[in-house]
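Here our numbering is used: the first residue of the sequence shown is 9, the next is one more, and so on.
Only one structure is covered here, and it is reproduced in the block below.
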Amino acid sequence: MALIRVTSPHVHKPAGTSEVMRLVILATVPGICAMTFFFGWGTLINLVLACSLALMFEAICIKARHRPISFYLKDNSALVTAVLLALSLPPFAPWWLTTVAVFVAIVIAKQLYGGIGQNPFNPAMIAYALVLISFPIEMTRWTAPFVMQAAEGWQVLSFTDTISVIFGGWQTAADAFTSATPLDEMRHRAGMTTTEIWRSSSVLANIGAWHAVSAAYLMGGIFLLYKKIFTWHTPASLILTLAAVSLLFYVISPDNYTDPIFHISVGATIFGAFFIATDPVSAATSNIGKIWYGAGIGLLIYIIRTWGNYPDAVAFSVLIMNLAAPFIDQYTQPRTYGHKSANRGMKE
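This is the structure:
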């Protein structure tokens, strides 16, 4: 029998930057659909605005550096930053807030460091943290999920009215369709126990929309794992650490602390675990390092959510661990082939 001969190369060419970025954007589609369905048109409007501004700011910076604009825009990194940032902002975020956030993400947090691959911090989270601290009122105007108006029919602000809120500041219409998030409700419970606030809060009584959005982002994250865009180490470590810490405190005092399912499926935990913490530029790179990096983010999320001033803490946790990523990599280097031990730690 003749042997089957297969010509080289036997190793497939790795995906380029632009293809990876396209897959990341594609993976956000389930989450975008879920957020649009439950929270209205604001998410899509923010996406279009943020992507347009990101491409414009990126082109201006590239032009100022005397680089070919089309070559650098084709890597789609600016679009990914814009998409992740737009999905983090409230649906009723005013246009000027989105503009400020995109400017900070693209110009300051990315291009001033030298562009893609040079930024030490996640650009989208830098921008989100800055606008959250600077404009706390606008950043807490979250649209109430559709299910909360189920008794009166499935009501939502129309597309034109949403445009008026975002670009015209139509505050009266916005106030009628906004509410606190479940994390806000649990954080500012006014002395009530966890059981009492679950019974009395209309926000927590209709929490299914938040679970659905997290499930949609989980689908996108699994898709990226299947495509080998990143490994399982960071998201798994983040989620498991957050689950373990929240379970520990929940067992100790269920009246004062919430269960792990609440921490994982409400808020930006799943979105952050698969789309933010896995940024290959600002995160840890070794497999062991990724586990420590994800665990640090998960622990910080719980600490800030429970005892800090902000109900959700993904952005701050990621930025703190971005700062620690070089240190983690220095002490978690894998063993080089042919050597007995890895060259770890600070060497003179």
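Think of the CB as a built atom: it goes at the ideal place given N, C-alpha and C, for glycine as much as any other residue.
Listed in chain order, the alpha helix (DSSP H) elements of length 4 or more contained wholly in the segment 71-153 are 77-81, 85-96, 103-111, 131-142.
Minimum Cα-Cα distance from Thr340 among the listed residues Leu92, Trp300, Thr314, Met329 corresponds to Trp300. Straight through space, the alpha carbons of Ile77 and Lys71 are spaced by roughly 6 Å.
For Asp320, no alpha helix (DSSP H) encloses it, and the DSSP letter there is neither H nor E. Pairwise C-beta distances place the segment 107-123 in contact with the segment 59-74, as three or more of them are shorter than 8 Å. Going by DSSP, Leu34 is part of the alpha helix (DSSP H) stretching over 25-35. In the three-state reduction of the DSSP assignment, Asp287 falls in the coil class, being assigned neither a helical nor a strand state. Comparing C-alpha distances from Ala332 to each of Ser26, Ile305, Val28 shows the shortest one belongs to Ile305. Under the DSSP assignment, Thr170 falls in the alpha helix (DSSP H) whose first and last residues are 167-176.
Burial of Gln119 is indicated by the presence of at least 16 other C-beta atoms within 10 angstroms of its C-beta.
Here the C-alpha atom of Thr239 lies approximately 11 Å from the C-alpha atom of Ile296.
For the options Glu193, Pro334, Thr44, the alpha carbon positioned closest to that of Leu95 is the one of Thr44. By alpha-carbon distance to Phe47, the top candidate from Leu81, Phe79, Ala220 is Ala220. The continuous alpha helix (DSSP H) containing Gly229 extends over residues 216-234.
Leu226 and Phe279 have their C-alpha atoms spaced approximately 7 Å apart. Nearest to Leu327 by C-alpha distance, out of Trp315, Tyr318, Leu308, Thr314, is Leu308.
For Tyr258, the enclosing alpha helix (DSSP H) begins and ends at 241-260. In the displayed model, Gly306 falls within a helix according to three-state DSSP. Counting only the Cα atoms, Asp169 lies some 24 Å from Ala90. If the five residues before and after Asp337 are omitted, its C-beta is found closer than 8 Å to the C-beta atoms of Ala292, Thr293, Ser294, Gly297, all from its own chain and listed in chain order.
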